[in-house]
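Using my numbering, the first residue of the sequence shown is number 871, and each one after it goes up by one.
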Amino acid sequence: MINLSRKSQQVLFFAGVGAGAALTHLLVVLNLVNHFAIEPLLANLIAFFIAFNVSYLGHRYLSFSHLENKKQLSLPHFFLVASSAGALNELLYFLLLKYSSVHYLLALVVVLGLVAIYSFLLSRFWACR
Numbered sequence: 871m872i873n874l875s876r877k878s879q880q881v882l883f884f885a886g887v888g889a890g891a892a893l894t895h896l897l898v899v900l901n902l903v904n905h906f907a908i909e910p911l912l913a914n915l916i917a918f919f920i921a922f923n924v925s926y927l928g929h930r931y932l933s934f935s936h937l938e939n940k941k942q943l944s945l946p947h948f949f950l951v952a953s954s955a956g957a958l959n960e961l962l963y964f965l966l967l968k969y970s971s972v973h974y975l976l977a978l979v980v981v982l983g984l985v986a987i988y989s990f991l992l993s994r995f996w997a998c999r
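Following this line, the structure appears as structure tokens:
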């Protein structure tokens, strides 16, 4: 078995949980748009709230599980990070949908990638110290 440092393990868990939340987000948008005829921007907002739960629970029990004996992963801090990331997500998605001809799913993938970087940095250095 490979022995990873705690930081390496944390980054891998963060990436895995983030990928799971992003995939959840993407699939919810895809289903809402294609099966329920909901506009992509509204579907994105609904998907954010669903993916938030995947993200919080995954990070709480995997990415930042080492905080159990120290500072707990603060739900209010995590929610502020996720809310600001959600607002940034919605703004960037709106701008791409309105001012480019990029397909809504490709635009969402780009936005989710950019927001993931923002979210990791804010989580790492503020919400989950």
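Just so it is clear, CB atoms sit at the ideal spot from N, CA and C, and this is done for glycine as well.
May I ask which residues mark the beginning and end of the alpha helix (DSSP H) holding residue i?
i: L965; result: L945 to Y969
i: F906; result: R876 to F906
i: F990; result: Y974 to L992
i: L912; result: P910 to G928
Use the C-beta contact count for residue i: other C-beta atoms within 10 angstroms, 16 or more gives buried, fewer gives exposed.
i: A892; result: buried
i: H905; result: exposed
i: N923; result: exposed
i: N901; result: exposed
i: G956; result: buried
i: A921; result: buried
i: V972; result: exposed
How long is the line joining the alpha carbons of residue i and residue j, rounded to whole angstroms?
i: G962; j: F918; result: According to the sequence provided, residue 962 is Leu. The question's Gly does not apply to it. The alpha-carbon atoms of L962 and F918 are separated by roughly 14 Å.
i: V951; j: P910; result: 23 Å
i: Y988; j: S935; result: 21 Å
i: K968; j: K877; result: 39 Å
i: A977; j: A913; result: 13 Å
i: N939; j: P946; result: Below a pLDDT of 50, predicted positions are generally treated as unreliable, and N939, at 48, falls in that range; the measurement from the model is reported next regardless. Spanning the two alpha carbons is a distance of roughly 19 Å.
i: S933; j: L897; result: 23 Å
i: S875; j: V980; result: 30 Å
i: I908; j: A885; result: 29 Å
i: I916; j: L882; result: 27 Å
i: L975; j: A889; result: 15 Å
i: L966; j: W996; result: 29 Å
i: Q879; j: V899; result: 30 Å
Nearest to residue i by alpha carbon, out of the options?
i: V887; options: N901, F964, N914 and Y931; result: Y931
i: L991; options: H973, F948 and K968; result: F948
i: Y926; options: S970, V899, N901 and T894; result: T894
i: S954; options: L966, A889, Q879 and V985; result: V985
i: R994; options: H929, V972, L915 and S970; result: H929
Under 6 Å: does the beta carbon of residue i sit that close to some heavy atom of the ligand COA?
i: K968; result: Of the ligands one can find in the structure shown there are none, so the ligand COA has no counterpart to examine.
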